[in-house]
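Notes follow once the structure below has been shown.
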Amino acid sequence: MKTVFVLFDSLNRHMLGAYGGTRIPTPNFDRLAARTSVYEKHYVGSLPCMPARRDLLTGRLTFLHRSWGPLEPFDNAFPELLKTKGVHSHLITDHYHYWEDGGATYHNRYSTFDFIRGQESDPWKAMVQPHWERLREKYHHNQTASGPISKYNPYMINREFIKREEDFPSVQCFARGLEFLDLNRDADNWLLQIETFDPHEPFFAPERFKEPFKTAWNGPIRDWPRYGRLDELPEEADELRANYYAIVSLCDFLLGQLLDYFDENNLWKDTALVVTTDHGFLLGEHDFWAKNRMNMYEEIVHIPLFVHDPRNPGARRITRLTQAIDVAPTFLDLYGVEPPSEIQGSSLLLQQDTEALLFGYFGGAVNVTDGHFTYHRFPIDIETQEIFQYTLMPAHITQPFTPEELAASTLSPPFGWTKSAPLLKVPVTKRSPMYANYGPGALLEKENRLYDLHIDPGQNTPLKDLVTERDMIRHMQKLMRANEAPPEAFERLDI
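Residues in the sequence shown are numbered from 0 upward in steps of one, following numbering that gives the first Met the number 0.
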């Protein structure tokens, strides 16, 4: 068996023609849909970026116990499990979060890996004394900063070195992927993961992809929206959206190169292909930009998934509920590897119905869907809730846990999925370094919501239906128990 796994970041399902999108031409996603199983009800698990990848690698939900952080010593990662069958896994990525404190244990699980530099705030080029005044003149004031230490500043430097189309990190990712296929397509037992940060913000694409979406904007570069309420002028919001459309068009083009390679070399006959993303991104829907700060709307959590199994080829629409945690057991299934008992997901290749799915951010609402309704339940008092991080790898996104955080930690007994290992139980407070960036301190919406997706797919009007709400709470309780959620997780939600 051979497999190519393509993972985009922040790719909106509803923008793709294969899912009814009309705003952006996506001919290559349409080509993909014509040859694969298209999953209609595929959802996220834990969010955002690295929590989503921990779910993808381990096949179990992690947001009820841990925020953004490394893989843990007891985690089952599908690339390592594949090694037991002699399967070589290769990661090609420009997703620089893998090389930060909170992600540095992920890429090492693969047999080999290749890192392309320059996305977003990747600290890539060592420009010691940049011409900050000149650089800042090129960008909108909302995406510059007054001092040299800012998430925006590395991006401004990186862009100075990304001039030609072949310089773009995502373009390099797919080029390296084709190089891998040239070298290894006649070999057996490998999995190639081509992973690009695109179309994640900032929305920077070669000019030819922007041309079809030109706006009336004549101001400085505006390609990086804030996380939060939409309060930009209409022409400014249009420019931000246009830049997102351009980068999705780039992703479609790059996917097309891979599909051409499959066609030219008839890889469809013996190579599996899986294409998905980690989550979506709000572009003004519900009066918000981005993610993390607001309710987990469908635009964020209902994501695309395409699967080609060469043993059972053909185009079909899959309407059962599936989730990100199903990806790892699918790869194990393709290679005949028995999934460990800790894995909660099920192979996408099995006809297994799921009653409901759980998803969320650490410290935020717990959310559930049965495919008809979505229910979002927030803590009673998010500012005073008791919540803990359970970990043996105490690191945030870009820094270790502070000594002050760890000073208040205690030792928790093992959970069933930690292979007899006890964990540090670290209390979350407003002084925790990432409190205001994700989780409890970042939220702008904090009210329980129930939506009927059949009559209100845009989630514009919350329902007041106590019977349905009780049913959804029962689903939530059952799924949380199955995940071995800690006792305080139930208490904070009052369920």
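For glycine and all other residues, C-beta sits at the position ideal for the given N, C-alpha and C.
- In the DSSP annotation of this structure, Ile-193 is not part of any alpha helix (DSSP H); the continuous beta strand (DSSP E) holding it starts and ends at 189-194.
- Straight through space, the alpha carbons of Asp-269 and Asp-181 are spaced by roughly 15 angstroms.
- In the DSSP assignment, Trp-131 falls within the alpha helix (DSSP H) that extends over 131-136.
- With respect to the C-alpha of Arg-315, the residue from Thr-321, Gln-322, His-307 having the closest C-alpha is His-307.
- Comparing alpha-carbon positions, the option among Ile-454, Thr-83, Met-49 lying closest to Pro-338 turns out to be Thr-83.
- Going by DSSP, Leu-423 is part of the beta strand (DSSP E) stretching over 422-426.
- Counting along the chain, the unbroken alpha helix (DSSP H) around Ile-156 starts and ends at 151-158.
- Straight-line measurement puts the Cα of Arg-430 at about 9 angstroms from the Cα of Glu-403.
- Within the segment 37-121, the complete beta strand (DSSP E) segments of 3 residues or longer fall at 87-92, 111-114, listed in chain order.
- When only Cα atoms are considered, Leu-46 and Val-326 end up about 15 angstroms apart.
- By alpha-carbon distance to His-13, the top candidate from Phe-330, Asn-311, Glu-298 is Glu-298.
- Within the same chain, Cβ atoms closer than 6 angstroms to the Cβ of Asp-493 are found at Ile-379, the five residues on either side in sequence being excluded.
- In this structure, the alpha-carbon of Tyr-38 lies about 10 angstroms from that of Gln-322.
- As computed with DSSP, Asp-451 is found in a beta bridge with Phe-372.
- Pairing Leu-80 with Leu-331 gives a Cβ-Cβ distance under 8 angstroms.
- Rounded to the nearest whole angstrom, the CA to CA distance from Ser-419 to Pro-413 is 5 angstroms.
- Between the segment 198-215 and the segment 97-112 there are fewer than three inter-stretch CB-CB distances shorter than 8 angstroms, so the stretches are not counted as touching.
- In the three-state reduction of the DSSP assignment, Val-127 falls in the coil class.
- Per the C-alpha coordinates, the member of Glu-490, Phe-361, Ala-441 positioned closest to Gly-44 is Phe-361.
- Taken atom to atom, the span from the alpha-carbon of Glu-284 to that of Ile-454 is near 18 angstroms.
- With respect to Pro-26, Asp-259 sits apart: the two C-beta atoms are not nearer than 8 angstroms.
- In summary, Lys-137 is exposed, with fewer than 16 beta-carbon neighbours lying within 10 Å of its beta-carbon over all protein chains present.
- In the DSSP assignment, His-307 falls within the unbroken beta strand (DSSP E) covering 304-307.
- With contact defined as three or more Cβ pairs closer than 8 angstroms, the segment 337-357 and the segment 274-289 are not in contact.
- In the structure shown, the three-state DSSP call for Ser-431 is coil.
- Taking C-beta separations shorter than 8 angstroms and ignoring five residues to either side along the sequence, the partners of Thr-353 in its chain run Arg-319, Leu-320, Thr-321, Gln-322, Ser-345, following chain order.
- Judged by DSSP secondary structure, Leu-348 falls outside any alpha helix (DSSP H); it is assigned neither H nor E.
- For the pair Leu-56 and Met-126, the Cα-to-Cα distance works out to about 35 angstroms.
- Judged by beta-carbon spacing, Phe-358 lies within the 8 angstroms limit of Tyr-42, meaning their Cβ atoms are closer than that value.
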